[in-house]
Amino acid sequence: MLPISRWAIWESTLFRYLLGPTVAIILMTFLVLRFAGIDRKNWFEDSTIYQTSPEGPEWQPFSKPKLSSLRDQNQLILVHFVANWSPQSLQNRVALCSSDRLSHLFDDFHVRLLLADANTPGSPAVEALHELGEEAFPLIAIYKPGAQHAVLFRGKLDENAIAAEIVKPPDNP
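Numbering (this note's numbering), first residue to last: -10 to 162.
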């Protein structure tokens, strides 16, 4: 019987072609099993990142009456539409809450922050998203005082664009 060295096994074409997919399958299995236990309904509710702190901005849960009330009061409003199945929502959430620059702008310009959690079917967040003519998450909507429509930011958070829109004076109707 011929001895097979470790090098010969490594150099075999079959081994090289099977190694990548095998590692990928193992990794995907691990990720599915690891995150299968997450209670998706309460993912954002359980997280402390949106909770009010003395140093950070104050986030309030989204509702259509609250949005209407704030718009009637001519408030500057930022609505963050999130969905727990969207990885970009999570990244935007962390960026919005950890950015010192945006936090200072929220305070300086008295921005009212609403979290529109779309994790449950039929939630007011999903309906409001559809009223904006949008289907995809994440979405950030900024309502300027007196403006008829929201300024929308889709996908990955662009801190500079959000900051520019906040400091930009409202258009005269």
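All residues carry an ideal CB built from backbone N, CA and C; glycine is no exception.
The model shown is predicted, which means the values in this text are computed figures rather than measured ones.
Burial state of residue i (16 or more Cβ within 10 Å)
i	result
tyrosine 132	buried
tryptophan 48	buried
proline 127	buried
proline 46	buried
arginine 101	buried
asparagine 63	exposed
leucine 146	buried
leucine 103	buried
alanine 150	exposed
Pair within 9 Å by beta-carbon distance, residue i and residue j
i	j	result
leucine 56	phenylalanine 98	no
alanine 13	histidine 69	no
alanine 130	leucine 67	yes
alanine 84	asparagine 108	no
phenylalanine 95	isoleucine 15	no
glutamate 120	arginine 143	no
alanine 152	arginine 82	no
serine 58	proline 113	no
glutamate 148	serine 88	yes
Residues near residue i in its chain [Cβ-Cβ closer than 7 Å; skip 5 each side]
i	result
proline 159	Lys133, Pro134, Gly135 and Ala136
serine 75	Phe126 and Pro127
tyrosine 6	none
is_contact[residue i, chain B] using C-beta, thresh 9 Å
i	result
aspartate 89	Structure shown: chain B not included; a single protein chain is present.
Contacting residues, own chain, Cβ-Cβ under 6 Å from residue i (five flanking each side not counted)
i	result
serine 118	Note on identity: in this sequence residue 118 is leucine, with serine being the wrong assignment. For leucine 118, where only same-chain residues beyond five positions count, the Cβ hits under 6 Å are Phe70.
valine 140	Ile131 and Glu154
glycine 9	none
tryptophan 32	Note that tryptophan 32 scores 43 on pLDDT, short of 50, meaning its location in the model is unreliable and no value can be drawn from it.
valine 115	Ala107
Problem set entry | beta strand (DSSP E) segments (min. 3 residues) lying fully within the region 40 to 109 | 48 to 50, 66 to 71 and 101 to 106
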